[in-house]
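Read through the structure below, which is laid out as structure tokens, and then see the notes.
Number of protein chains: 2
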Amino acid sequence: MGEIIQFDKEAPAALADDATLDRLQALVAEDLREVNRVILDYMQSDVALIPKLAGHIIASGGKRLRPILTLAVARMCGYSGARHVSLAACIEFIHTATLLHDDVIDESDLRRGKATANAVWGNKPSVLVGDFLFSRAFQLSVTDGSLKVLGILANTSAVLAEGEVMQLLTSNDTDTSEAAYLEVITAKTATLFAAACQLGGIVAERPANEEEGLKNYGLNLGIAYQLVDDALDYSAREAELGKSIGDDFREGKITLPVVLSFRRGGEEEREFWRRTMEEGEQTEDDFERAVVLLERHGAIRDSLERARHYGDVARDSLAIFPDCAEKQGLLEVIDFCIRRAH
Amino acid sequence: MGEIIQFDKEAPAALADDATLDRLQALVAEDLREVNRVILDYMQSDVALIPKLAGHIIASGGKRLRPILTLAVARMCGYSGARHVSLAACIEFIHTATLLHDDVIDESDLRRGKATANAVWGNKPSVLVGDFLFSRAFQLSVTDGSLKVLGILANTSAVLAEGEVMQLLTSNDTDTSEAAYLEVITAKTATLFAAACQLGGIVAERPANEEEGLKNYGLNLGIAYQLVDDALDYSAREAELGKSIGDDFREGKITLPVVLSFRRGGEEEREFWRRTMEEGEQTEDDFERAVVLLERHGAIRDSLERARHYGDVARDSLAIFPDCAEKQGLLEVIDFCIRRAH
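In order, the protein sequence lines correspond to chains A and B. Count along the first sequence from 1, add 44, and you get the number used in my numbering. Count along the second sequence from 1, add 44, and you get the number used in my numbering.
What follows is the structure, given as structure tokens:
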């Protein structure tokens with residue numbers, strides 16, 4: 045065994061915003077400890093750098109939202125076995141591999157001063173450890189032994205990669221439409237949320253209509269989550285809480301607030317967006333100016349309104365399930381995803 | 045359908061060295077066309093950059109040695125179905141994904157003037173398209189439907205990633221031992237050769253001892269192949285043929301010729317290797333000097349001798365199989381791998 049990382053010793057919830065995730069976390073706490081055990085187990089390797097680097101990103105990986113979804117859905121569906129634990133770990137490994145690969149930078153990015161996890165070890169170790177974790181997810185799902193599950197994970201991985209490439213292509217492109225943006229976040233984020241939830245229903249052997257409902261819950265929750273995440277990157281509230289903001293702006297990543305502001309603004313404003321986000325020429329005051337423009341056009345407000353829409357669809361996707369503590373928790377996750385912006 | 049790439053229209057074999065691969069290529073020609081069809085089919089995506097970039101690397105991918113092994117082994121084992129075709133494509137996708145990720149560079153590499161495929165599109169697209177191809181391999185193997193096959197591919201992928209990380213750790217480290225070098229090339233190269241051959245036996249449902257023989261044939265062939273490849277990077281013969289040499293030296297990649305020369309040389313020579321390969325401080329004449337030192341210590345000669353040893357073991361691994369055209373071809377591949385150095 046390489047690095048010892050204590051996952052159980054969670055940082056105390058500092059933000060009141062996290063409150064709405066509490067119920068679900070408490071409901072699956074025992075399962076989640078098992079997930080963390082599987083993660084620790086499967087990230088081991090005789091090549092010491094692998095658990096070291098993997099542990100760094102997995103430990104800092106936050107709330108374990110995706111595996112919690114798998115666990116909670118399986119419980120809501122009355123599942124009492126153990127398959128959901130390894131599949132939840134599998135989902136987290138795929139997520140972590142994506143994070144590592146998402147952090148890979150090109151020389152051009154260095155100019156814009158991006159500092160990510162891979163700044164510590166460099167691009168190549170991040171890529172290779174990502175590959176390793178992805179392979180581990182593959183191994184875990186083979187151990188589970190269901191071809192249906194394997195097919196879903198394989199398809200999900202392909203769509204994730206497509207989404208990441210699409211995001212790259214819309215990067216620095218102020219012409220990006222709302223539809224294109226939506227396609228990107230659906231592929232790169234929501235698909236994994238959808239799989240996380242669908243797998244919970246599959247292990248419980250629920251009928252097709254329920255499985256579809258769970259998948260749609262995850263898909264729409266994922267879209268809402270990413271919409272809010274992208275809005276938060278321009279949020280003064282986030283800055284107050286000491287979180288980093290402005291990353292998307294500095295990287296020229298075109299998210300919905302920018303899509304809306306660019307299209308609603310006049311030619312002078314569009315010139316501003318082109319200079320800062322397409323050509324990457326930014327001065328110190330530009331981020332502040334960007335926030336003023338977003339405010340002027342209600343771009344953050346409307347991004348959150350869009351998120352609320354997907355949250356509503358997610359909520360209705362669960363309507364066919366009878367009330368229970370887990371269902372209540374899953375509904376509260378929708379609020380958690382949306383309310384953290386306020 | 046995106047890019048149209050003609051795989052069938054092969055470049056004429058320019059080198060006499062390629063001759064010993066001819067028999068096997070001819071024997072599996074029809075199957076190989078099918079493999080290329082599957083590859084073309086599965087590398088498609090609505091995201092146009094994906095088939096474009098993937099096609100670039102797959103088309104330039106050379107001899108299709110690994111998928112040819114799967115096809116030929118399956119035929120040698122009397123298999124008459126079609127599973128070997130999609131598994132051969134699967135192996136080629138994994139190989140291609142590895143190539144793309146292997147080309148990822150860090151800022152530090154730029155100094156040394158490495159120019160790779162990803163120089164055209166940048167690190168990030170290479171990583172993401174690699175992920176996509178890896179996911180496609182995953183999808184293909186799920187379609188095949190055998191958990192045993194899936195398990196082998198998942199384990200192989202994990203070991204490949206470990207091998208790549210190990211290689212990174214031995215990079216620039218002149219203390220690297222022959223044993224450590226061997227461990228690296230076994231993991232990063234030979235494991236995939238082994239899987240390629242083993243899968244051919246599995247689809248033909250051969251007994252365990254034959255499956256093991258095939259795996260060992262692939263493993264030892266792969267080690268021999270990489271040993272020769274690493275020797276060729278210092279070969280004047282290669283330079284005569286217009287191939288690029290000296291890449292490993294410039295990148296500080298520690299291969300067996302350097303391991304042997306470093307250990308056999310005196311302190312002054314070791315200082316040379318440390319300066320050039322550890323600290324990466326190289327002048328124009330240094331590569332020539334390196335070749336002189338390798339020559340002095342018989343490092344290339346002995347690297348090829350080691351390769352011959354593994355070639356012999358590969359040959360004996362096939363001894364339990366009755367003679368047939370495919371077996372003859374597989375034995376000739378060993379010669380092909382070793383003789384291309386002369």
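Quick reminder that beta carbons are idealized off the backbone N, C-alpha and C, glycines included.
Through-space distance from residue j to residue i, alpha-carbon basis
| i | j | result |
| --- | --- | --- |
| SER130/B | ASP85/A | 32 Å |
| VAL302/A | ASN167/A | 29 Å |
| VAL171/A | HIS145/A | 6 Å |
| GLY125/A | GLU222/A | 42 Å |
| THR140/B | ASP329/A | 45 Å |
| GLU227/A | PRO251/A | 28 Å |
| GLY373/A | TYR225/B | 52 Å |
| LEU113/B | ILE246/B | 13 Å |
| ASP346/B | PRO95/A | 36 Å |
| CYS121/A | LEU97/B | 43 Å |
| ASP277/A | TRP317/B | 48 Å |
| VAL186/A | PHE380/A | 33 Å |
| ILE382/A | ARG127/A | 30 Å |
| ARG352/A | GLU322/A | 29 Å |
| ASP175/B | LEU263/A | 22 Å |
| ALA268/B | ILE138/A | 34 Å |
| VAL82/B | GLY99/B | 13 Å |
| SER179/B | GLY309/B | 46 Å |
| ALA92/A | VAL72/B | 42 Å |
| GLU325/A | ARG319/B | 39 Å |
Buried versus exposed, by CB contacts within 10 Å (16 or more), residue i
| i | result |
| --- | --- |
| SER288/A | exposed |
| ALA57/A | Bear in mind that a pLDDT of 38 at ALA57/A, under 50, signals an unreliable position, so the model cannot answer this. |
| GLU38/A | This structure cannot speak to residue 38/A, because chain A is shown only from 45 to 386. |
| GLY207/A | buried |
| ALA132/B | buried |
| LYS107/B | exposed |
| PRO366/B | exposed |
| ILE364/B | exposed |
| SER104/B | exposed |
| GLU40/A | Residue 40/A cannot be examined here, being either before or after the span of chain A that is shown, 45 to 386. |
| THR299/A | buried |
| ALA360/A | Correcting the residue type first, residue 360/A is Asp in the shown sequence and not Ala. Looking at its Cβ environment, which holds fewer than 16 other Cβ atoms inside 10 Å, ASP360/A is exposed. |
| ARG294/B | buried |
| THR230/A | buried |
| GLY189/B | exposed |
| ASP75/A | buried |
| ALA205/A | buried |
Collapsed DSSP secondary structure at residue i in the structure displayed
| i | result |
| --- | --- |
| GLY122/A | coil |
| TYR278/B | coil |
| MET321/B | helix |
| ILE83/A | helix |
| LYS232/A | helix |
| ALA92/A | coil |
| ALA248/A | coil |
| ARG307/B | helix |
Below-7 Å beta-carbon distance, residue i vs any chain A residue
| i | result |
| --- | --- |
| PHE380/B | no |
| LEU144/B | no |
| ILE94/B | yes |
| ASP175/B | yes |
| SER221/B | no |
| SER179/B | yes |
| PHE182/B | yes |
| VAL148/B | yes |
| GLU206/B | yes |
| GLY46/B | Low local confidence applies: a pLDDT of 42 at GLY46/B is under 50, so the model's placement there is unreliable, with the coordinate-based value given in what follows. By this cut-off, GLY46/B is not an interface position. |
| LEU115/B | no |
| LEU172/B | yes |
Chain-ordered chain D contacts of residue i [CB-CB under 7 Å]
| i | result |
| --- | --- |
| PRO169/B | Here chain D cannot be found, since the structure's protein chains are A and B. |
Any C-beta of chain B under 7 Å from that of residue i
| i | result |
| --- | --- |
| SER89/A | yes |
| GLY195/A | yes |
| ASP277/A | no |
| LEU191/A | yes |
| SER201/A | yes |
| VAL186/A | yes |
| ALA198/A | yes |
| LEU300/A | no |
Near the ligand NAD: residue i beta-carbon under 6 Å from a heavy atom
| i | result |
| --- | --- |
| GLU282/B | Within the structure as shown, the ligand NAD is missing, as the structure has no ligands at all. |
Can you check the stretch 323-377 of chain B for any alpha helix (DSSP H) of at least 4 residues that lies completely inside it and give the ranges in chain order? 330-340 and 343-361
Where are the alpha helix (DSSP H) runs, 4 residues long or more, that stay fully inside the stretch 130-214 of chain B, in chain order? 151-155, 162-165, 167-188 and 191-214
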